[in-house]
Amino acid sequence: MLQFEDFVMHYGYFAVYIFLALGIFGLPLPDELVVAFIGHLSAVGTLNYFSAFVITILGVLTGTLFTYTIGRKVGKPLLMKYGKWISLSPKRIQKVDSWFNKYGSWAITIGYFVPGMRHIICYMSGSSGVDIRRYLVFASIGTFISSITFLTIGYFVHFPF
Numbered sequence: 163m164l165q166f167e168d169f170v171m172h173y174g175y176f177a178v179y180i181f182l183a184l185g186i187f188g189l190p191l192p193d194e195l196v197v198a199f200i201g202h203l204s205a206v207g208t209l210n211y212f213s214a215f216v217i218t219i220l221g222v223l224t225g226t227l228f229t230y231t232i233g234r235k236v237g238k239p240l241l242m243k244y245g246k247w248i249s250l251s252p253k254r255i256q257k258v259d260s261w262f263n264k265y266g267s268w269a270i271t272i273g274y275f276v277p278g279m280r281h282i283i284c285y286m287s288g289s290s291g292v293d294i295r296r297y298l299v300f301a302s303i304g305t306f307i308s309s310i311t312f313l314t315i316g317y318f319v320h321f322p323f
């Protein structure tokens, strides 16, 4: 975590934005821990809490929109072609799409609180054909609530780094 702190010290909020936007692609450090650490940096005066909150939301939403777009453009064709190798027949893919179109909106929001889930949810939303406006509403709710939750936890729980 020391390298991340050095990166933030050198590049500021831009580092926070880039790290969270790229974090959705599965960087080896969970976004939840990064956001909590950003809250800690706000508590010790390295960052401003409100600015960190805004940049966190923008970074996460940028990453999720990008992965949603990848899922939308290449997800379905890729699953149809190679899904059989991971036990996803066209019939099973259709079932997943139906389920996701019925219940996926709340899965998008809740997925922000389950480590690793937001990565999968973004791709699934795009490949299942979830409308971009609907996706943005539920992704924004999840991003807002999870960002304020993890920033606040990091703000009040001081890390021994």
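Residue numbers (the numbering used here): 163 to 323.
Glycine included, each C-beta is placed from N, C-alpha and C at the ideal position.
In its own chain, which residues sit with a C-beta less than 7 Å from the C-beta of residue i, not counting the 5 before and 5 after it?
i    : result
L182 : D193, V196, T218, G221, V222, G225
F312 : E194, V197, A198, G201
K238 : S289
L227 : none
DSSP three-state label for residue i, please.
i    : result
F215 : helix
I180 : helix
H320 : coil
I200 : helix
G207 : coil
G225 : helix
G112 : Any question about residue 112 goes unanswered here, given that the chain covers just 163 to 323.
D168 : helix
D193 : helix
Cutting at 6 Å between CB atoms, please list the residues of its own chain near residue i, excluding the five before and the five after it.
i    : result
F166 : none
R234 : G288
L203 : L209
A205 : Y317
V319 : none
F300 : S267, I270, T271
Closer than 8 Å by C-beta to residue i: which residues in its own chain qualify, once you throw out the five before and the five after it? Chain order, please.
i    : result
A214 : Y175, V178, I200, G201, L203, S204, L313
R296 : S267
In chain order, each alpha helix (DSSP H) run of at least 4 residues that lies wholly inside the stretch 238-290: 238-244, 252-273, 279-289
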